[in-house]
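In terms of my numbering, the sequence shown opens at residue 237 and continues consecutively.
We put the CB at the ideal spot given by N, CA and C, even for glycine.
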Amino acid sequence: MSTWVSQSELWPWQKDHDEEHGIHTETGEGAPFLMTSNPVIASSYAEMIFEFMRDRAQLCEHSKQPVYIVELGAGTGRFSFQLLRHLIYLCERRAFPASGFRYIMTANSAESIDFWLSHRQLEPYTEGGMLDFALFDAVTDTRLSLFIQGETIDTGQLDHPVVVVANFFFEGMPQDHLYFNEDKLFTCSVPADVPETCNGDKAIGSRNPLLTYEPIHAGAYYEKEPYMNELLELYKQSLHNTHLLFPYTAIRCLERLRGLSREKGMLLLSADKALTTASELERYGTPAMFAVQEKQCPLTLNYHAIEAYYLRFGTACHFTAFSENSLFMATLLAVPWPGAYRNTELAYGRCLQHVHPGDFYKLMLQYKSRCPGMGVREIIAWIRLSGYDDHFLRAAAARLLDITEEADEHEKTECCAVIDRVWDGYYVDSPCDDLAFTCGELCFKMGKYALAAGWFEKSRAFASDASSLAVEYNIALCYFKLQDERVASSYVQKVLDVPPRQ
Numbered sequence: 237m238s239t240w241v242s243q244s245e246l247w248p249w250q251k252d253h254d255e256e257h258g259i260h261t262e263t264g265e266g267a268p269f270l271m272t273s274n275p276v277i278a279s280s281y282a283e284m285i286f287e288f289m290r291d292r293a294q295l296c297e298h299s300k301q302p303v304y305i306v307e308l309g310a311g312t313g314r315f316s317f318q319l320l321r322h323l324i325y326l327c328e329r330r331a332f333p334a335s336g337f338r339y340i341m342t343a344n345s346a347e348s349i350d351f352w353l354s355h356r357q358l359e360p361y362t363e364g365g366m367l368d369f370a371l372f373d374a375v376t377d378t379r380l381s382l383f384i385q386g387e388t389i390d391t392g393q394l395d396h397p398v399v400v401v402a403n404f405f406f407e408g409m410p411q412d413h414l415y416f417n418e419d420k421l422f423t424c425s426v427p428a429d430v431p432e433t434c435n436g437d438k439a440i441g442s443r444n445p446l447l448t449y450e451p452i453h454a455g456a457y458y459e460k461e462p463y464m465n466e467l468l469e470l471y472k473q474s475l476h477n478t479h480l481l482f483p484y485t486a487i488r489c490l491e492r493l494r495g496l497s498r499e500k501g502m503l504l505l506s507a508d509k510a511l512t513t514a515s516e517l518e519r520y521g522t523p524a525m526f527a528v529q530e531k532q533c534p535l536t537l538n539y540h541a542i543e544a545y546y547l548r549f550g551t552a553c554h555f556t557a558f559s560e561n562s563l564f565m566a567t568l569l570a571v572p573w574p575g576a577y578r579n580t581e582l583a584y585g586r587c588l589q590h591v592h593p594g595d596f597y598k599l600m601l602q603y604k605s606r607c608p609g610m611g612v613r614e615i616i617a618w619i620r621l622s623g624y625d626d627h628f629l630r631a632a633a634a635r636l637l638d639i640t641e642e643a644d645e646h647e648k649t650e651c652c653a654v655i656d657r658v659w660d661g662y663y664v665d666s667p668c669d670d671l672a673f674t675c676g677e678l679c680f681k682m683g684k685y686a687l688a689a690g691w692f693e694k695s696r697a698f699a700s701d702a703s704s705l706a707v708e709y710n711i712a713l714c715y716f717k718l719q720d721e722r723v724a725s726s727y728v729q730k731v732l733d734v735p736p737r738q
């Protein structure tokens, strides 16, 4: 027995995998995490959103409602934190009320909500009314139920268009696998028990014998959704011998979010591995849809379909391409009069037109390979260029420990200032993530013993039982160097009071 790919068990299987492994599976130093969860992309998004808010303030002066920003699949909250910090900074610098927006982090698991609620770095934003959380199933849900404020946002209740942030999100939603050839449309099906059939060691692709093809009429494929059927008809007439994934659930999700606005408006900011032209769809060939062995879905999103769907409404669409691995950043302004949003359009040209989602990752790889031969000033320049990203400081920590002792006083002062800036934008992804200890080690090596003691004190909040002795011992060393033997002795005594392991 076969079923359409979009209705198969592969998608719930992937969702179960994500929930089983929790929100921390996205953390680390790999792509796509670093491509989007970094200060450079976050500040670019914040600039776009801020200018959009300015446009709305001029176009809808009578409204007392904030602009709602909905991040789909917010994960640990690292990117949300970075974007919020910069957006609030812009509001403060330009005398724009921070009450003019509300940021909604969404997830499909209660575990994520619990993590965000307990996160101390998010508390100022929730207490200030700028941040809220919502459980949201992007495939089915039609409303947003806010966890903290207790409000429910339903269709047509918002005065302003919705801002949607979705990085590496849509490719994991159910998609139809379709084949177009000789003015005909075929839908692809897989066995109903495909996860068991594959035995966990095969890829499901269009060359796989598990797939079967069935001709279907394009005009009636999506019942009661004529615009999508028209798009399929266009593909049928223009594509030859082409397999593609059709992101119908992504379009439906965007339509439901757009429908929350009275004027059915939306600003979408998104980064993904994507195809954006019909010629790319034809050249892409036969997609390997699922890497079943790792329970992952490394799909390439058909952004051409999303763009074509919204161009029917006079939407302004922009794509910033990064040629390697088909990485794209998309800006989609679906509003009744896109020409009226001049500040938003200028912000795109200033902030996103020349920002590629893969640049940060490529810089990181080059930086890590060159770091062992760099000097203090060169490392400082790279960290500044990264927007003071903590990954860049971590990558240079071993090299800085080797060379900062011999640095001149100006270099040491600059290095301490950079450490402070990195910490200001640092977001704790997990309880064991102890950047403060690294900062303490660096300051100690530079002879900044009072600063080092302060960093080691901060490290206490992150230290495990196994590492707490090292923290106390390092604090003692700092006070010995400061010639405060009384305080130093008290920390030494704490170390001695710890009973030996059994």
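Starting from the Cα of residue i, find the closest Cα among the options and give me that residue.
i, options, result
"H413", "M366, L480, V731", "L480"
"A343", "S335, T362, R329, T312", "T312"
"L504", "V654, F404, M271", "F404"
"E297", "G336, L326, L308, A278", "G336"
"F211", "S725, M502, E693, G309", "Because the chain spans 237 through 738 in this model, residue 211 falls outside it and cannot be assessed."
"V612", "L467, L678, Q719, R314", "L678"
"G683", "E647, V400, D670", "E647"
"D419", "Y471, I285, S726", "Y471"
"P333", "G495, A643, H476, G365", "G365"
"L535", "E645, H590, P410", "P410"
"L380", "T485, E466, L496, A310", "L496"
"E203", "L637, Y304, S348", "Examination of residue 203 is not possible in this model, given that the chain is present from 237 through 738 alone."
"P427", "T391, T567, C668, T239", "T239"
"E698", "F482, F673, S345, Y458", "The residue asked about is misnamed: residue 698 is Phe in this sequence, not Glu. Among F482, F673, S345, Y458, the Cα nearest to that of F698 belongs to F673."
"L447", "Y484, S425, A634", "S425"
"S348", "G690, L308, Y457", "L308"
What are the residues that DSSP puts in a beta bridge with residue i?
i, result
"F383", "None; F383 has no bridge partner."
"L671", "DSSP lists no partner for L671."
"K420", "N417"
"A552", "L569"
"T388", "S381"
"V426", "T239"
Span of the alpha helix (DSSP H) holding residue i?
i, result
"R290", "275-295"
"T485", "484-494"
"P743", "The chain is shown from 237 up to 738; residue 743 falls before or after that span and cannot be answered."
"P360", "359-363"
"K300", "K300 -> no alpha helix (DSSP H), and no H or E assigned at all."
"C652", "645-660"
"A631", "626-639"
"A724", "721-732"
"A686", "685-695"
"Y786", "Within the shown structure, residues of the chain are numbered from 237 to 738, placing residue 786 beyond reach of any answer."
"A514", "514-520"
"H322", "314-329"
Excluding the 5 residues preceding and the 5 following residue i in the sequence, name in chain order all residues of the same chain whose CB lies nearer than 6 angstroms to its CB.
i, result
"R722", "none"
"I622", "According to the sequence displayed, residue 622 carries Ser and not Ile. Same-chain partners within the cutoff: F628."
"A552", "L569, P574"
"R368", "Going by the sequence as given, residue 368 is Asp instead of Arg. Correct list, in chain order: I340, L382, I384, Q385."
Using a Cβ-Cβ cut-off of 8 angstroms (strictly less than) and excluding sequence neighbours within five positions of residue i, which residues of its own chain qualify?
i, result
"F422", "L414, Y415, F416, Y449, E450, P451, I452"
"I487", "M464, A541, I542, Y545"
"R696", "S704, V707"
"V499", "For clarity, residue 499 is Glu in the given sequence; the question names Val instead. Closer than 8 angstroms at Cβ, skipping near neighbours: P397, V571, P572."
"Q301", "L394, D395, H396"
"I619", "D625, F628, L629, A632, V654, V658"
"C652", "C679, M682, K684, L687"
"R314", "T263, S273, Y663, D665"
Apart from the five residues on each side of it in sequence, which residues of its chain come closer than 7 angstroms, Cβ to Cβ, to residue i?
i, result
"S474", "A514"
"F716", "A724"
Check for me: the beta strand (DSSP E) holding residue i runs from which residue to which?
i, result
"S622", "Here S622 belongs to no beta strand (DSSP E), and DSSP marks it neither H nor E."
"D412", "412-417"
"Y339", "337-343"
"P451", "448-452"
"F369", "367-371"
"D508", "502-511"
"L569", "563-570"
"N579", "Unbroken run through N579 is the alpha helix (DSSP H), 578-583; no beta strand (DSSP E)."
"A402", "398-403"
Can you tell me whether residue i is buried or exposed? The criterion is at least 16 other CB atoms within 10 Å of its CB, across all chains shown.
i, result
"N274", "buried"
"D350", "exposed"
"R292", "buried"
"A576", "exposed"
"R356", "exposed"
"A282", "buried"
"R519", "exposed"
"R338", "buried"
Any beta-carbon of chain C closer than 8 angstroms to the one on residue i?
i, result
"R578", "No chain C appears in the structure shown, which is made up of a single protein chain."
Taking 7 angstroms as the cut-off, is the C-beta of residue i nearer than that to any heavy atom in the ligand HEM?
i, result
"K648", "The model depicted lacks the ligand HEM and carries no ligand whatsoever."
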